[in-house]
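Residue numbers for the sequence shown, in the working numbering: 1 to 191.
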Amino acid sequence: MPPVSTPGDLTQLLRDWRDGDDEALGRLMPHVQQELHRLARHYMRGERVGHSLQATALVNEAYLRLVDVRRVNWQSRAHFIGMAATLMRRVLVDAARARGAGKRGGGAVRVTFDEELQVSADRGPGLEALDTALAALAVLDPRKSRVVEVRCFGGLSVKETAEALGVSEETVLRDWRLAKAWLKRELAPES
Numbered sequence: 001m002p003p004v005s006t007p008g009d010l011t012q013l014l015r016d017w018r019d020g021d022d023e024a025l026g027r028l029m030p031h032v033q034q035e036l037h038r039l040a041r042h043y044m045r046g047e048r049v050g051h052s053l054q055a056t057a058l059v060n061e062a063y064l065r066l067v068d069v070r071r072v073n074w075q076s077r078a079h080f081i082g083m084a085a086t087l088m089r090r091v092l093v094d095a096a097r098a099r100g101a102g103k104r105g106g107g108a109v110r111v112t113f114d115e116e117l118q119v120s121a122d123r124g125p126g127l128e129a130l131d132t133a134l135a136a137l138a139v140l141d142p143r144k145s146r147v148v149e150v151r152c153f154g155g156l157s158v159k160e161t162a163e164a165l166g167v168s169e170e171t172v173l174r175d176w177r178l179a180k181a182w183l184k185r186e187l188a189p190e191s
């Protein structure tokens, strides 16, 4: 097994995997495992206490889904990490939707009666709302949606995002500003 020492070697492993070399993914994973765990820990910080998934389980689930997307035309390590981040987000969204569709009241919240209880309607947007907004943005402008996905969820820098998407850093910065403004408006509570 030849050593993997450069980003080009990682990209070649991705392409070998795409072309049918099942062992290539196994050789690739040790080199990106630490970064995938960092992403997973980042995601899990935003989840509720006691979430059924742990960072390692999230990485494993993303890995299983990655096996199903082998036909992607991998461009680079950054492209791979961006795709892994997207898949992790989808795993968490699927888990949130499953929780909401539970047999005991679905999305209903159980509240005990207390006359002094003050219920606030102010609640930040959840992962499902963000996922829905990103899907709507993808319809309007797929690249801006992808910029948010790889920067926010993939933790990629502006330079890595530009490399992964094949655009300039200036384009990434412009897309990032516009997408954030659009998402802020979409996710703002209606008054």
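C-beta: ideal position from N, C-alpha, C; glycine also.
Assigned secondary structure, residue i (DSSP; H/G/I helix, E/B strand, else coil)
i	result
Asn-73	coil
Ala-188	coil
Ser-157	coil
Ser-145	helix
Leu-178	helix
Val-91	helix
Asp-19	coil
Cys-152	helix
Gly-8	helix
Val-172	helix
Gly-166	coil
Where the alpha helix (DSSP H) containing residue i begins and where it ends
i	result
Leu-58	55-67
Asp-131	127-140
Asp-22	22-45
Contact under 8 Å by Cβ, residue i with residue j
i	j	result
Val-158	Val-172	yes
Ala-138	Glu-186	no
Leu-58	Met-88	yes
Gly-82	Leu-36	no
Leu-92	Leu-127	yes
Gly-56	Phe-153	In the sequence under discussion, the amino acid at residue 56 is Thr, which differs from the Gly named in the question. Their beta carbons are not under 8 Å apart, which means Thr-56 does not touch Phe-153 by this criterion.
Ala-162	Glu-169	yes
Ala-84	Leu-140	no
Ala-98	Leu-53	no
When the options are compared against residue i, the one with the closest alpha-carbon
i	options	result
Met-29	Gly-20, Ala-136 and Leu-66	Leu-66
Leu-14	Arg-77, Ala-162 and Arg-38	Arg-77
Leu-183	Leu-130, Arg-151 and Glu-190	Leu-130
Arg-151	His-42, Asp-94 and Ala-95	His-42
Asp-16	Trp-176, Asn-73 and Ala-62	Asn-73
Arg-146	His-79, Asp-19, Asp-9 and Ala-62	His-79
heavy atom of the ligand FAD below 7 Å from residue i C-beta
i	result
Val-148	As presented, the structure is devoid of all ligands, the ligand FAD included, so that no description of it is given.
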